[in-house]
Amino acid sequence: AQSVTQLDSHVSVSEGTPVLLRCNYSSSYSPSLFWYVQHPNKGLQLLLKYTSAATLVKGINGFEAEFKKSETSFHLTKPSAHMSDAAEYFCVVTGDAGNMLTFGGGTRLMVKP
Amino acid sequence: GAVVSQHPSRVICKSGTSVKIECRSLDFQATTMFWYRQFPKQSLMLMATSNEGSKATYEQGVEKDKFLINHASLTLSTLTVTSAHPEDSSFYICSARRTVANTGELFFGEGSRLTVL
């Protein structure tokens, strides 16, 4: 079995300040982990993914995430928030046999001017 | 990057009618497609997994007779909401994977908002 917990349902930051969106997972297998972003009434866009290569993964739009096996975490960070980063972010784990995907509950990021 | 197209993006229908939503992979062959449902301000709920040429695998609690999924080709999967009711109103999103491997990137459609009156 696998599960994903996004620790914050809402995060609010000021423009230009760092962003931290937290994600913890559990998996019986070696997991692959993804972060997706969803803008209102839109589909999801892949930000970055970890698939057992480098533990620090760089994604699009300045986002990065670090896979920490000892902490079972895959937190998403960005040094400086931009207004256009305001969206819903989903942490996703896949690793069980078959095509099992598990989504976290989502974190809504709000960016204040 | 790969493109997945969903159609229609918005649909309004009367209670009791059926609605078909299409999901197409435009520039790759999708061995596996997934259908999700998203309630307002909630995460995505996987409804079913469809592999080309075989029956869809439904998640627990999803009525297969109500949500008919067909994956007749490597580029097209359809979701038909039969005898729709207001509680079926939701945002439906499909995704496609190019490979069988779990590490394959998922490409998502833009979603279809269904409103049942």
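In order, the protein sequences belong to chains E and A. For the first sequence, my numbering assigns the number -10 to the initial residue and increments by one for each residue that follows. For the second sequence, my numbering assigns the number 66 to the initial residue and increments by one for each residue that follows. A virtual CB, placed ideally from N, CA and C, is assigned to each residue, including glycine.
Ordered along the chain, which non-local residues of its own chain (more than five positions away) have a Cβ less than 7 Å from that of residue i?
{"i": "E103(E)", "result": "As displayed, chain E neither begins before -10 nor continues past 102, which places residue 103(E) out of reach and without an answer."}
What residues in its chain sit with their C-beta under 6 Å from that of residue i, if we drop five residues either side in the sequence?
{"i": "L141(A)", "result": "R89"}
{"i": "T180(A)", "result": "I77 and S154"}
{"i": "N7(A)", "result": "Any property of residue 7(A) remains undetermined from this structure, which presents chain A solely from 66 to 182."}
Who pairs with residue i in a beta bridge, going by DSSP?
{"i": "R75(A)", "result": "R178(A)"}
{"i": "K38(E)", "result": "F23(E)"}
Please name the residue, chosen from the options, that lies closest to residue i on a Cα-to-Cα basis.
{"i": "L182(A)", "options": "H150(A), Y157(A) and I158(A)", "result": "H150(A)"}
{"i": "S83(A)", "options": "G174(A), E152(A), K131(A) and Y157(A)", "result": "K131(A)"}
{"i": "T96(E)", "options": "P102(E), Q27(E), S16(E) and S19(E)", "result": "Q27(E)"}
{"i": "G53(E)", "options": "S3(E), L36(E), S(-8)(E) and L(-4)(E)", "result": "Reading off the sequence, residue 53(E) comes out as Glu, not Gly. Residue L36(E) is the option with its Cα nearest to E53(E)."}
{"i": "L111(A)", "options": "S80(A), L139(A) and Y123(A)", "result": "Y123(A)"}
{"i": "T(-6)(E)", "options": "P102(E), P29(E), N50(E) and Y78(E)", "result": "Y78(E)"}
Going along chain A in order, which residues have a C-beta closer than 7 Å to the C-beta of residue i?
{"i": "K31(E)", "result": "E175 and G176"}
Give me, in chain order, the residues of the same chain whose beta-carbon lies closer than 8 Å to that of residue i; leave out the 5 immediate sequence neighbours on both sides.
{"i": "A86(E)", "result": "Unreliable placement is indicated for A86(E), whose pLDDT of 48 sits below 50; no coordinate value is reported for it."}
{"i": "S119(A)", "result": "H136"}
By the criterion of Cβ-Cβ separation under 8 Å, what are the contact partners of residue i in chain E?
{"i": "I158(A)", "result": "G32 and L33"}
{"i": "S108(A)", "result": "F79, F92, G93, G94 and G95"}
Residue ranges of each beta strand (DSSP E) within the region 127 to 169 of chain A, 3 or longer: The region 127 to 169 of chain A contains these whole beta strand (DSSP E) runs: 132 to 138, 141 to 146 and 155 to 162.
Considering only residues of the region 76 to 130 of chain A, which uninterrupted beta strand (DSSP E) runs meet the minimum length of 3 residues and lie entirely inside it, listed in chain order? If one requires a minimum length of 3 residues, the beta strand (DSSP E) runs lying completely within the region 76 to 130 of chain A are 84 to 90, 97 to 103 and 109 to 116, in chain order.
Going along the chain, which unbroken runs of the beta strand (DSSP E) with 3 or more residues stay wholly within the region 58 to 100 of chain E? 62 to 67, 76 to 83 and 90 to 92
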